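**Student:**
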Amino acid sequence: MKRALVPGTFDPITEGHLDIIRRASQIFDEVIVAVAASPNKGGRSRLFSLEERVVLAEQSIEDIPNARVESFDELLVTFARRMGANVVVKGLRAITDFEYEFQMTAMNYDIDSSIETVFIMSPPKYMYLSSSIVREVASLGGPFREFVSEPVYRALRRKFASS
Ligand code: COA
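What follows is the structure, given as structure tokens:
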């Protein structure tokens, strides 16, 4: 049984993430979407709480039978080992992702070389997509339906309708 982790902050999960998760689910027997608690990455606060991010990810992957969602608040490699996964899948978008991903992969390898990181390239449509771009367009009332699942679309509309 080959089990892979697809980790991220998922604030919120987008079609770009879902594309990577779907493709990973065709390569591996089981995929765990690992939602990081990451309370204040880079000093930025989260739009969605950890619980909301988990529920939105669960609702968005309902059609992928061999994928499930877990949250974590520890080192990625420690969590991967605990989940019995020895592969971490990350999406690579534009070339600007490379340096940062390279650094994280090198550090993870240093901590535990038994966990392999595999990269899947994002298709052109999602190369420049990010959760913060979706959040920004949603907050300004712009069109973003095609970049997120229906549950995320509704959640973002609700969030910004009440703010
Ligand atoms: N499609 C669309 N957007 C994508 C994407 C894709 N395929 N892949 C990444 N992104 C975007 C995200 O939406 C996010 O956008 P934002 O910053 O605008 O919100 C951005 O890229 C960064 O993604 P994020 O999910 O925050 O991932 P990350 O690459 O920063 O890593 C963890 C997050 C959880 C994997 C990493 O912090 C981690 O491993 N944490 C655990 C602690 C640990 O082990 N630390 C040591 C690591 S060396």
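Counting in my numbering, the final residue of the sequence shown is number 223, and the numbers go up one at a time with none missing. Cβ coordinates follow ideal geometry from the N, Cα and C atoms, glycine included. Predicted, not measured: the structure shown is a model, and the values here were computed from it.
1. Is Glu-176 near the ligand COA, going by C-beta to nearest heavy atom under 8 angstroms?
2. Over what stretch of residues does the beta strand (DSSP E) that includes Gly-76 continue unbroken?
3. What are the boundary residues of the alpha helix (DSSP H) that includes Pro-211?
4. Enumerate in chain order the residues of its own chain whose CB-to-CB distance from Ser-174 is below 7 angstroms, with the five nearest sequence positions on each side excluded.
5. Cβ of Ser-120 within 9 angstroms of Cβ of Ala-96?
6. By DSSP, does Leu-116 sit in helix, in strand, or in coil?
7. Name the two residues that bound the continuous beta strand (DSSP E) containing Thr-177.
8. How close, in whole Å, do the beta carbons of Leu-65 and Ala-140 come, if the pair is a contact with beta carbons under 8 angstroms?
9. Can you tell me whether Lys-62 is helix, strand or coil according to DSSP?
10. Do you know whose CA, among Thr-177, Lys-62, Ser-105 and Asp-133, lies nearest Pro-72's CA?
11. Measure the C-alpha to C-alpha separation of Glu-122 and Pro-211 and round it to an integer number of angstroms.
12. Which residue wins for smallest C-alpha separation from Thr-138, given the options Val-91, Phe-220 and Pro-67?
13. Should Tyr-186 go down as buried or exposed, given a rule of 16 or more other Cβ atoms within 10 Å for buried?
14. Rounded to whole angstroms, what is the Cα-Cα separation between Gly-144 and Gly-201?
15. Let me check understanding here. Comparing Cα to Cα, which of Ser-85, Ser-209 and Pro-125 lies closest to Lys-150?
16. Kindly list the residues whose CB is nearer than 7 angstroms to the CB of Pro-183, restricted to its own chain and excluding five residues on each side of it in sequence; keep chain order.
17. For a test of the three-state rule: what should DSSP assign to Arg-205, helix, strand or coil?
**Tutor:** The relevant details are as follows:
1. Distances between the C-beta of Glu-176 and the heavy atoms of the ligand COA are all 8 angstroms or more.
2. For Gly-76, there is no enclosing beta strand (DSSP E); the enclosing alpha helix (DSSP H) covers residues 75 to 87.
3. Here the alpha helix (DSSP H) through Pro-211 covers 210 to 221.
4. The beta carbon of Ser-174 sits closer than 7 angstroms to those of Asn-146, all from its chain and outside the five residues before and after it, given in chain order.
5. In this structure, Ser-120 sits away from Ala-96, with a CB-CB distance that is not shorter than 9 angstroms.
6. The three-state reading of DSSP puts Leu-116 in helix, counting H, G and I together.
7. From DSSP, the beta strand (DSSP E) with Thr-177 extends over 176 to 181.
8. Rounded, the Cβ-Cβ distance is 5 angstroms, consistent with contact.
9. Lys-62: coil per DSSP, three-state reduction.
10. Selected option, being the one with the closest Cα: Ser-105.
11. Rounded to the nearest whole angstrom, the C-alpha separation of Glu-122 and Pro-211 is 11 angstroms.
12. Checked all of Val-91, Phe-220 and Pro-67; the closest Cα to Thr-138 is Pro-67.
13. Buried: at least 16 other Cβ atoms inside 10 Å.
14. Computed Cα separation, rounded: 42 angstroms.
15. Closest in alpha carbon position to Lys-150, among Ser-85, Ser-209 and Pro-125, is Ser-85.
16. Short of 7 angstroms from the beta carbon of Pro-183, and not among the five residues preceding or following it, lie these beta carbons of its own chain, in chain order: Asp-79.
17. Judged by DSSP in its simplified three-state form, Arg-205 adopts helix.
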